[in-house]
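Heads up: the sequence lines are chains L and A, in that order.
For the first sequence, UniProt numbering begins at 1 and goes up steadily by one.
For the second sequence, UniProt numbering begins at 1 and goes up steadily by one.
Here's the structure, in structure tokens; my notes come after.
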Amino acid sequence: MFFHIVLERNMQLHPRHFGRDLRDKLVAKLMKDVEGTCSGRHGFIVAITGIESVGKGLIRDGTGFVTFPVKYQCVVFRPFKGEILEAVVTMVNKMGFFAEAGPVQIFVSNHLIPDDMEFQSGDMPNYTTSDGSVKIQKESEVRLKIIGTRVDATEIFCIGTIKDDFLGVISDPGATS
Amino acid sequence: MGEHCGTTMVRNASTSSSFCGSSLKRNMCPHPGVYAGMCMRCGQEMDDEFGVAFGYIHKKLRLASDEISRLRDKDLKNLLRDRKLYLILDLDHTLLHSAQFPDITVEEGYLHNQMDALPDNLKSSLFRVERMQMMTKLRPFVHSFLKEASNLFEMYIYTMGERPYALEMAKLLDPGDNYFSSRIIAQGDCTQRNQKGLDVVLGRESAVLILDDTEAVWGKHKENLLLMERYHFFASSCKEFGLNCKSLSQLKSDESETEGALPTVLKILQRIHNLFFDEERQNNLEDRDVRQVLKAVGKEVLKDCKVVFSRVFPTNFPAEQHTLWKMAEQLGATCSTEIDPSVTHVVSTDAGTYKSRWAVRENKYLVHPKWIEASKYMWRKQPEENFPISSHAKNK
């Protein structure tokens, strides 16, 4: 799920940046440091939408660096247990398939794939129903439910399932007749 | 924490009552495996050291032993239906040979030439891997080998090199990504230091064959191993292995494309495959053991030979425990410590011993121990006249 929230961060700036463009440089550094990172609480920081305030700078003892507390608005993405997501399949193997929803990597094990879908190996490994009507392969879009999440410094991992009603393939890139 | 008396709900108990599509409550889940620290079936947080790591499939994947067995059994059924078995391939000195730029000698300098200036046989088998500052030479016949073997086996790469190296080599051997896909196991995937193991292979041991030039790393799985003769192309490894001769690159030569190690071992693999899937046999495919077939094929090499050794074992060494004795037996020969009329070969390092002179007198074959090793690598009894003692004997 996406959220639009306000976060705060202490930005350290080298004296060579002090001058007319100080604020712009601060914002640029903030974007470089923060966009694309993850935190356990907020999830993946997708984009900064605005700066709410920049506090007074504090000179650090012993160095010339100055710390500015910056409040900024941003869009974050964080999956939750129980949430329904759409994802693109990136890899299929005997154990299940891996899919991506933006920066989030999801694993759906074969235990959580409907029993009537069997793994087929070959050039394009896939899971297919016995009548061949539904196929999950690389690049397929699937709707899945999150049953567990784990966040580390730069990545979010989830366990997913497609065993419930209304879950499964949305679109099949290699649809056969 | 809720009205769940009597059940041991863990700290992550979800506030929703959904059981995620499976009918098991979290505390009854068999936890078949873990992805990124979470059970792949119920989502519960699991120990970091749970089960066995299968990092080569995905860096965050771990599997429980029961699940590994289940996957192996299921996979075997599918594979046998396609008339295939498993083949694990080592890289260095088995399918190829690599050398770092600094280790290329002056005499090998011609290898740095532009591609059109290289001899024909090297144009398609010698590669520069700039980002690793090294050169790689593929063993002759390797592409044909892989193509043929892929019809009979699901193949793995298993190297003691590091993952980035393994992936680069896989690109050279399998540019179309047809043979290996994610089945590339490197040093970091081994569960024991300096040992390769089938514990990280998703195939049942009774259906796995291994091709490797080093026996010692396969301590627990010697019965699955076809030992390959080492491929030394660059001079660097001749030094490394203490070989006092010029390398193929220095001699501007190469292994034979038609009679080298790879075409030879391919024929043996095809033979083993045929025997395994032989319809004449009574038992079910799933009950067959490829290790038995390998053993039987090995025993054909020196069958009908009765061997006596002379000046080969140290005195007071129990002969039956010597490597050469055991090797000869594995090749189907009968070994004995005493000569008698049924003996066919005397294996010796000294033409002057009593047994050696007896062999000459009685018209038996008198050969250097290398005859046994050569027969083993070539999977065929070698012509005895190619292994006289005199050219190998130590001077008294």
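For each residue, glycine too, the CB sits at the ideal point set by N, CA and C.
* Along the region 33-65 of chain A, what residues have a CB closer than 9 angstroms to any CB found in chain L? -> 33, 35, 36, 37, 38, 39, 40, 41, 42, 43, 44, 45, 54, 57, 58, 60, 61, 63
* To do: Please look up how many angstroms separate the CB atoms of residue 54(A) and residue 217(A), rounded, as I've assumed it's under 8 angstroms.
  => No, residue 54(A) and residue 217(A) are not in contact; Cβ-Cβ is about 20 angstroms, not under 8 angstroms.
* Residues near residue 179(A) by beta carbon distance below 7 angstroms, same chain, minus five either side -> 146, 150, 155
* Asked: So, using beta-carbon positions, are residue 33(A) and residue 72(A) closer together than 9 angstroms?
  -> Going by C-beta atoms, residue 33(A) is not nearer than 9 angstroms to residue 72(A).
* Asked: residue 253(A) to residue 245(A), Cα distance in whole Å?
  -> 13 angstroms
* Asked: Out of 118(L), 62(L), 55(L), 93(L), which has the shortest C-alpha to C-alpha gap to residue 129(L)?
  -> 118(L)
* Asked: Cβ of residue 77(A) less than 9 angstroms from any chain L Cβ?
  -> no
* To do: Just the chain L side, please: which residues come within less than 8 angstroms of residue 202(A) by C-beta, in chain order?
  => 94
* Asked: Do residue 78(L) and residue 156(L) have their CB atoms nearer than 9 angstroms?
  -> yes
* Which term fits residue 189(A), buried or exposed, when burial requires 16 or more other beta carbons within 10 angstroms of its beta carbon? -> Buried is the call here.
* Asked: Given residue 417(A), which residues of its chain have a CB within under 6 angstroms of its CB, disregarding the five upstream and five downstream residues?
  -> A query on residue 417(A) cannot be resolved here, the shown segment of chain A reaching from 1 to 396 and no further.
* Please confirm whether residue 262(A) and residue 366(A) have their CB atoms less than 9 angstroms apart. => No, the Cβ-Cβ distance between residue 262(A) and residue 366(A) is not below 9 angstroms.
* **Rounded C-alpha distance that separates residue 6(L) from residue 49(L)** => 10 angstroms
* Enumerate in chain order the residues of its own chain whose CB-to-CB distance from residue 116(L) is below 8 angstroms, with the five nearest sequence positions on each side excluded. => Excluding five sequence positions before and after residue 116(L), the CB atoms of its chain that fall closer than 8 angstroms to its own CB belong to 129, 130, given in chain order.
* To do: Spell out whether any CB of chain A is found under 9 angstroms from the CB atom of residue 109(L).
  => yes
* Asked: Roughly how many angstroms lie between the CA atoms of residue 376(A) and residue 301(A), to the nearest whole one?
  -> 8 angstroms
* Asked: Going by C-alpha distance, which of 123(L), 124(L), 103(L) is nearest residue 149(L)?
  -> It is 103(L) whose Cα lies nearest to the Cα of residue 149(L).
* Taking three-plus beta-carbon pairs below 8 angstroms as touching, is the region 292-310 of chain A in contact with the region 109-124 of chain A? -> no
* Residues near residue 3(A) by beta carbon distance below 6 angstroms, same chain, minus five either side -> Any answer about residue 3(A) is weak, because its pLDDT of 41 lies below 50 and its placement is not dependable; what the coordinates show is given next. Nothing meets the Cβ criterion.
* Indicate the three-state DSSP secondary structure (helix, strand or coil) for residue 264(A) in the structure shown. => helix
* Host alpha helix (DSSP H) of residue 190(A) (start-end) -> Where residue 190(A) is concerned, there is no enclosing alpha helix (DSSP H), given that its DSSP letter is neither H nor E.
* Asked: Should residue 22(A) be flagged as near chain L, meaning a C-beta pair shorter than 9 angstroms?
  -> With a pLDDT of only 47 at residue 22(A), under the threshold of 50, the placement of this residue in the model should not be trusted; the figure read from the coordinates follows. It does: the Cβ of residue 22(A) has a partner Cβ on chain L nearer than 9 angstroms.
* So what does residue 137(A) bridge to, in DSSP terms? -> 97(A), 126(A)
* **Contact list for residue 157(L) against chain A, beta-carbon separation under 7 angstroms** => 35, 36, 60
* Asked: Can you list the residues of chain A that residue 98(L) reaches, using a CB-CB cut of under 7 angstroms?
  -> 58
* Got a sec: is the Cβ-Cβ distance from residue 336(A) to anything in chain L below 9 angstroms? -> no
* Can you give me the Cβ contacts of residue 85(L) inside the same chain, cut-off strictly under 7 angstroms, excluding the 5 residues immediately before and after it? => 79, 101, 144, 146
* Determine the contact status of residue 66(A) and residue 30(A), defining contact as a CB-CB distance below 9 angstroms. => yes
* Between the Cα of residue 204(A) and the Cα atoms of 84(A), 127(A), 229(A), 195(A), which residue gives the shortest distance? -> 84(A)
* What residues in the region 135-169 of chain A have a beta carbon less than 9 angstroms from any beta carbon of chain L? -> 154
* **Chain-ordered chain L contacts of residue 266(A) [CB-CB under 8 angstroms]** => Chain L residues near residue 266(A): none, gap ~23 angstroms exceeds 8 angstroms.
* Asked: Can a CB atom of chain D be found closer than 9 angstroms to the CB of residue 125(L)?
  -> Within the model displayed, chain D is absent; protein chains L and A are what it includes.
* Asked: Under 9 angstroms between the Cβ atoms of residue 64(A) and residue 159(L)?
  -> no
* Minimum C-alpha distance to residue 153(L) - residue among 40(L), 20(L), 107(L), 28(L) -> 40(L)
* To do: Output, in chain order, the set of chain L residues within a Cβ distance shorter than 7 angstroms of residue 69(A).
  => Under the 7 angstroms cutoff, chain L gives no residues; its nearest Cβ is about 13 angstroms from residue 69(A).
* Along chain L, which residues have their Cβ under 7 angstroms away from the Cβ of residue 182(A)? -> 93
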